[in-house]
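Chemist: Residue numbers (the working numbering): 14 to 359.
Glycine included, every Cβ here is placed at the ideal spot set by N, Cα and C.
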Ligand SMILES: Nc1ncnc2c1ncn2[C@@H]1O[C@H](COP(=O)(O)OP(=O)(O)O)[C@@H](O)[C@H]1O
Ligand SMILES: [Mg+2]
């Protein structure tokens with residue numbers, strides 16, 4: 014299958030470049046609705062980074078992490094190349110041939126040492142800090158953790174997340190040693206981060222949203238869509254990159270395919286909402302109350318995440334933008350599906 018070229022993201026990439034140009038001082042949370050293109054943008058950015066940077070990318074997606082053992086295995090890329098005792102020398106040798114690393118490189122013997130310790134987090138952070146100090150003599154390290162919410166509730170001697178946040182603050186605000194990016198699609202997690210006192214004034218937020226209409230049209234033009242196909246694509250899928258890519262790959266009957274996507278999503282949402290009616294009528298009414306707000310508006314403000322909003326967010330129907338205190342459907346497809354469902358229910 015043909016690989017679809019990376020499209021646009023000029024504005025977001027400019028913002029990130031400005032962050033990278035300055036001394037690291039804040040943690041950057043990259044957030045947005047699901048499948049809006051966060052991971053794709055970060056991967057593209059890593060590929061295009063000038064030599065002066067050294068990116069370390071860790072993706073927690075789909076990783077089953079229940080203890081330190083799991084976490085260390087994901088965070089580090091174990092180097093079986095032989096015994097090394099000096100972190101500084103090891104970091105220097107790594108710099109010579111730093112390809113696409115997934116995780117923070119560590120010699121196997123040092124990894125095993127951390128493993129044996131009782132307080133693993135202390136030793137783990139100490140190693141990473143020393144490693145980055147050495148790297149930073151030649152290049153600016155960038156640590157990127159994708160799908161950070163995967164370990165959001167993980168308790169190992171207290172919440173692991175707090176220890177990580179503290180460490181991230183040390184790397185950025187205190188030592189100015191390393192850029193830190195944390196990526197998540199999970200609105201409930203970002204809401205927690207946003208209201209977390211320890212992070213106040215120590216982080217910034219960067220929204221990576223679905224394409225707007227103009228960007229979507231340009232993308233579809235690049236892939237030879239006809240006028241009719243473009244209208245159908247925008248009307249059914251909006252600017253959700255993953256859906257647009259599917260339409261590009263469809264080749265024939267793109268209009269039919271776009272309409273089918275909307276139909277399928279509507280069916281799924283109906284299933285989720287109406288099965289709730291049988292189980293919990295009160296919750297169902299509250300959920301319908303939230304959804305019916307979208308019959309006229311594409312986005313509505315909120316003060317806090319009530320149980321009914323949490324339900325809809327948890328089912329990936331609604332996206333809560335904690336920074337702008339705004340609720341909206343996860344995509345234009347979801348918006349239209351909600352509207353059709355409400356209209357038919359009336
Ligand atoms: N800028 C882009 N240009 C082309 N395709 C994109 C772009 N952004 C996202 N996509 C497509 O959408 C899919 C989902 O994007 P992804 O980055 O995984 O979303 P997220 O990480 O926000 O959940 C990707 O696999 C890719 O096919
Ligand atoms: Mg992603």
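Nearest by alpha-carbon distance to residue 264: which of 287, 169 and 236 is it?
Modeler: Of 287, 169 and 236, the residue nearest in Cα terms is 236.
Chemist: Under the rule that 16 or more other beta-carbon atoms within 10 Å means buried, what is residue 271, buried or exposed?
Modeler: Classification of residue 271: buried, given that the 10 Å Cβ count is 16 or more.
Chemist: If you measure between the beta carbons of residue 196 and residue 141, is that distance less than 8 Å?
Modeler: No, these two residues do not count as a Cβ contact at 8 Å.
Chemist: Kindly confirm or deny that the segment 26-46 and the segment 186-200 touch, where touching means at least three C-beta pairs closer than 8 Å.
Modeler: The answer is yes - the segment 186-200 touches the segment 26-46, with three or more Cβ pairs under 8 Å.
Chemist: Identify every residue that forms a DSSP beta bridge with residue 53.
Modeler: Its beta-bridge partners do not exist; DSSP assigns none.
Chemist: Do you know offhand how far residue 334's Cα is from residue 27's?
Modeler: Distance between the alpha carbons of residue 334 and residue 27: 21 Å.
Chemist: Quick one: is residue 134 buried, meaning 16 or more other Cβ sit within 10 Å of its Cβ, or exposed?
Modeler: The residue in question, residue 134, is buried, as its Cβ has 16 or more Cβ neighbours within 10 Å.
Chemist: According to DSSP, is residue 200 helix, strand or coil?
Modeler: Correct three-state label for residue 200: helix.
Chemist: Between residue 206 and residue 212, how many whole angstroms is the CB-CB distance? I'm expecting something under 8 Å.
Modeler: Indeed they touch by this definition, with Cβ atoms about 6 Å apart.
Chemist: When you get a sec, list the residues whose CB is within less than 7 Å of any heavy atom of ligand 2, chain order please.
Modeler: Those residues are 51, 52, 74, 159, 160, 196 and 198, given in chain order.
Chemist: Mind checking residue 20: buried by the 16 CB within 10 Å criterion, or exposed?
Modeler: The residue is buried, with at least 16 neighbouring Cβ atoms inside 10 Å.
Chemist: For residue 100, is the classification buried or exposed, using 16 other Cβ atoms within 10 angstroms of its Cβ as the cut-off for buried?
Modeler: Buried, because 16 or more other Cβ atoms sit within 10 Å of the Cβ of residue 100.
Chemist: Hey, would you say residue 152 sits closer than 8 Å to residue 67, going by beta carbons?
Modeler: Their beta carbons are under 8 Å apart, which means residue 152 touches residue 67 by this criterion.
Chemist: Within 7 Å: the Cβ of residue 45 and any heavy atom of ligand 1?
Modeler: It does: the Cβ of residue 45 is within 7 Å (strictly closer) of some heavy atom of ligand 1.
Chemist: Less than 8 Å between the C-beta atoms of residue 251 and residue 344, yes or no?
Modeler: Yes, these two residues count as a Cβ contact at 8 Å.
Chemist: Alpha helix (DSSP H) containing residue 347: first to last residue?
Modeler: Where residue 347 is concerned, the enclosing alpha helix (DSSP H) stretches over 345-358.
Chemist: What separation, rounded to the nearest whole angstrom, lies between the Cα atoms of residue 233 and residue 275?
Modeler: Their backbone Cα atoms lie some 18 Å apart in a straight line.
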